[in-house]
């Protein structure tokens, strides 16, 4: 088991730690974890912006490996792989938005609901739904 080192320890800056008497090389992701004041943090989920996606595809088209690109940018290799696969399948790397349920009401109907709810503050959601359906024929 490797010892926990301080982020200002010179061995971490030189990208290795000591395990017993041996030097162990730190990869980029391990180095970042050790540099967070002795805490190993879970990576936050974040979306890749268009520029970064284009940069990844450009690097992969220049014969770089997925592992090299992932270590350079600090992004998981699986993310790079999925992005590259999507690019090869349909040539598109834009973000796929999840649609969910389509909207039933228009902005005008939303305003109508807000005004109706403010006029009668004791009305329930089902009352508002019945009033909207009687006024516009839209069932919510």
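In the working numbering, the protein residues as written are 8 to 147.
Built from N, CA and C at the ideal position, the CB exists for glycine as well.
Linking residue 62 to residue 114 through their CA atoms gives a straight-line distance of about 38 Å. Here residue 140 is exposed: its Cβ has fewer than 16 other Cβ atoms, across all protein chains shown, within 10 Å. Between residue 147 and residue 100 the beta-carbon gap is near 37 Å, outside 8 Å, which marks them as no contact. The beta carbon of residue 77 is closer than 8 Å to those of 83, 84, 86, 87 in its chain, skipping five residues each way along the sequence. For residue 114, the enclosing alpha helix (DSSP H) begins and ends at 114-126. Spanning the alpha carbons of residue 143 and residue 122 requires a straight line of approximately 15 Å.
For residue 87, the enclosing alpha helix (DSSP H) covers residues 84-97.
Secondary structure of residue 108 (DSSP, three-state): coil.
For residue 60, the three-state secondary structure derived from DSSP is helix.
Less than 8 Å divides the Cβ of residue 116 from the Cβ of residue 145. For the pair residue 73 and residue 80, the CB atoms are not nearer than the 8 Å cut-off.
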